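Only one structure is covered here, and it is reproduced in the block below.
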Amino acid sequence: MRDVTVRYPNGVIALNKVSLDINAGEMVSVVGLSGSGKSSLIRTINGLVPITSGSLEVGGHQLQSARGRELRQLRGEIGMIFQSFNLARRTSVLNNVLVGRLAHTSTWRTLLGLYTAADKQIAYEALNRVEILAKAYDRASSLSGGQQQRVAIARALSQQPKLVLADEPVASLDPPTAHGVMRDLRQINQELGITVLTNLHLLDLARQYGTRLIGLRAGEVVYDGPAATASDAVFEEIYGRSIQNEDVLGA
Numbered sequence: 000m001r002d003v004t005v006r007y008p009n010g011v012i013a014l015n016k017v018s019l020d021i022n023a024g025e026m027v028s029v030v031g032l033s034g035s036g037k038s039s040l041i042r043t044i045n046g047l048v049p050i051t052s053g054s055l056e057v058g059g060h061q062l063q064s065a066r067g068r069e070l071r072q073l074r075g076e077i078g079m080i081f082q083s084f085n086l087a088r089r090t091s092v093l094n095n096v097l098v099g100r101l102a103h104t105s106t107w108r109t110l111l112g113l114y115t116a117a118d119k120q121i122a123y124e125a126l127n128r129v130e131i132l133a134k135a136y137d138r139a140s141s142l143s144g145g146q147q148q149r150v151a152i153a154r155a156l157s158q159q160p161k162l163v164l165a166d167e168p169v170a171s172l173d174p175p176t177a178h179g180v181m182r183d184l185r186q187i188n189q190e191l192g193i194t195v196l197t198n199l200h201l202l203d204l205a206r207q208y209g210t211r212l213i214g215l216r217a218g219e220v221v222y223d224g225p226a227a228t229a230s231d232a233v234f235e236e237i238y239g240r241s242i243q244n245e246d247v248l249g250a
């Protein structure tokens, strides 16, 4: 990112001249209060939110000028994980994970739901990696919140991405399940070498699972450094206030 600004139609500036370099293979925690620009930062990277000014290069693609096939190719290399899981709840876990193969599947196969044996094998392997293969033929709606988030991670993995973006992936989960999901993301990063950016507002998770911490306040980067050694004072600077109970998962 070079001087990236995002201004919404209502005049709100979500990002203000942000410049960042994120290297392949990094595990980055992006922290900040609600409205700090965390989600906008994540969503500009895969083109869900257009930038107003500046330049953004992702994997060799200039995102602000990418259109059509180039933009679809870029998005195919980026897995996205949402707070609300975004699963088709009435269909099977396997079918949800196979959605991640859409960028690699012909239109007619997609329309008919005719995935290849190779696509299904990739989906099975993704489910196995997050330890939920036994649920492959269950309806997504029958799973717990933590299991549904693991399905969402498997769906992202089935894209065989170079980058995974996770937007508050544990905000609706209880502490043990949240740690489990964060361990899955760390494992993906360490074992597969996939770059992972995770939006968090919980300082203990950001410290424990990220190797790099990027702090946002009012759309600007106010901290960029190691995650493990970030003190409470660093988080108070990022948040612009003292640490409160809701800022810590274990509180």
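Position 118 of the sequence shown, counting from 1, maps to 117 under numbering that gives the first Met the number 0, and the rest follow consecutively.
All residues carry an ideal CB built from backbone N, CA and C; glycine is no exception.
Please read all numbers here as calculations on a predicted model, not as lab measurements.
Worksheet item: Relative to the C-alpha of A117, which residue among Y136, Q158 and Q146 is closest?
Response: Q158
Worksheet item: Buried or exposed: V11, going by 16 or more other Cβ atoms within 10 Å of its Cβ?
Response: V11 counts as exposed, since fewer than 16 other beta carbons sit within 10 angstroms of its beta carbon.
Practice prompt. Quickly, what does DSSP pair R154 with across the bridge? List them, please.
Written response: Paired residue(s): none; R154 is not in a bridge.
Worksheet item: Which term fits N22, buried or exposed, when burial requires 16 or more other beta carbons within 10 angstroms of its beta carbon?
Response: exposed
Item to complete: Answer with buried or exposed for D173, where buried requires no fewer than 16 other C-beta atoms within 10 angstroms of its C-beta.
Response: exposed
Worksheet item: Hey, G78 and V169: beta-carbon distance below 7 angstroms or not?
Response: No, the pair does not count as a contact, with Cβ atoms beyond the cut-off.
Item to complete: Assuming L97 and Y123 form a contact by the criterion Cβ under 8 angstroms, report the distance between their Cβ atoms to the nearest whole angstrom.
Response: That belief does not hold up - the Cβ atoms of L97 and Y123 are roughly 10 angstroms apart, past 8 angstroms.
Worksheet entry | For L199 and S28, believed in contact at Cβ under 8 angstroms, the rounded distance | Correct: roughly 5 angstroms between the Cβ atoms.
Practice prompt. Can you say whether A232 is buried or exposed, counting buried as having 16 or more other CB atoms within 10 angstroms of its CB?
Written response: Around the beta carbon of A232, fewer than 16 other beta carbons sit within 10 angstroms, so the residue counts as exposed.
Worksheet item: Who does M26 pair with in a DSSP beta bridge?
Response: Answer is V195, bridged to M26.
Practice prompt. Could you work out which residue in K161, A135 and Y238 is closest to V251 when comparing CA atoms only?
Written response: As displayed, the chain neither begins before 0 nor continues past 250, which places residue 251 out of reach and without an answer.
Item to complete: Report the partner residues of L14 according to the DSSP bridge assignment.
Response: V5
Practice prompt. Compute the distance between the beta-carbons of N188 and V195, then report whether it is under 7 angstroms.
Written response: yes
Worksheet item: Per DSSP, H178 is paired with what?
Response: Looking at the DSSP assignment, H178 forms no beta bridge with any residue, so it has no partner.
Practice prompt. Measure the C-alpha to C-alpha separation of P8 and G218 and round it to an integer number of angstroms.
Written response: 16 angstroms
Practice prompt. Could you spell out where the beta strand (DSSP E) holding E219 opens and where it closes?
Written response: Going by DSSP, E219 is part of the beta strand (DSSP E) stretching over E219 to P225.
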